[in-house]
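Engineer:
Residue numbers (my numbering): 35 to 148.
1. Would residue 102 pass as a contact of residue 77 if the rule is Cβ separation under 8 Å?
2. Are residue 104 and residue 118 touching if we call contact CB-CB under 8 Å?
3. Taking 8 Å as the cut-off, decide whether the C-beta atoms of residue 59 and residue 80 are in contact.
4. Check this for me: beta carbons of residue 137 and residue 91, under 8 Å apart or not?
5. Return the bridge partner residues of residue 118 from the DSSP annotation.
6. Pick helix, strand or coil for residue 69, following the three-state DSSP scheme.
Here it is as structure tokens:
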């Protein structure tokens with residue numbers, strides 16, 4: 035894969051991943067109650083604090099075809115509302131927009147467990 039990308043392909047790919055992660059992060063932060071867990075630039079992964087338990091979001095969005103992210107509360111006490119999200123070059127803007135819409139719908143519906 036790296037050989038196929040070529041000398042300029044890897045930096046281009048890294049920039050694409052960073053831009054897509056930043057796009058999704060900004061879209062998510064525009065939703066009511068969604069806040070950054072950390073500040074600063076993102077590359078491929080970032081965490082957001084949700085107004086509902088992250089585990090509920092993961093469960094609710096899975097039947098809609100989304101692997102929403104990693105519920106940080108599974109591994110760290112006190113982070114039940116933190117969702118770690120990864121974005122790769124394979125995600126399109128349409129897919130990211132659909133994810134944001136699905137999360138917004140879940141939050142609008144009260145964000146309870148599915």
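Here a beta-carbon is modelled for each residue, glycine too, at the ideal position from N, C-alpha and C. Small disclaimer: the values here were computed from a predicted structure and weren't measured.
Structural biologist: Let me lay it out:
1. With contacts defined as CB atoms closer than 8 Å, residue 102 and residue 77 fail to qualify as a contacting pair.
2. Contact annotation: residue 104 and residue 118 have beta-carbon atoms nearer than 8 Å.
3. With respect to the 8 Å criterion, residue 59 and residue 80 are classified as neighbours on the basis of their beta carbons.
4. Yes.
5. Answer is 81 and 104, bridged to residue 118.
6. Taken through DSSP and simplified to helix, strand or coil, residue 69 comes out as strand.
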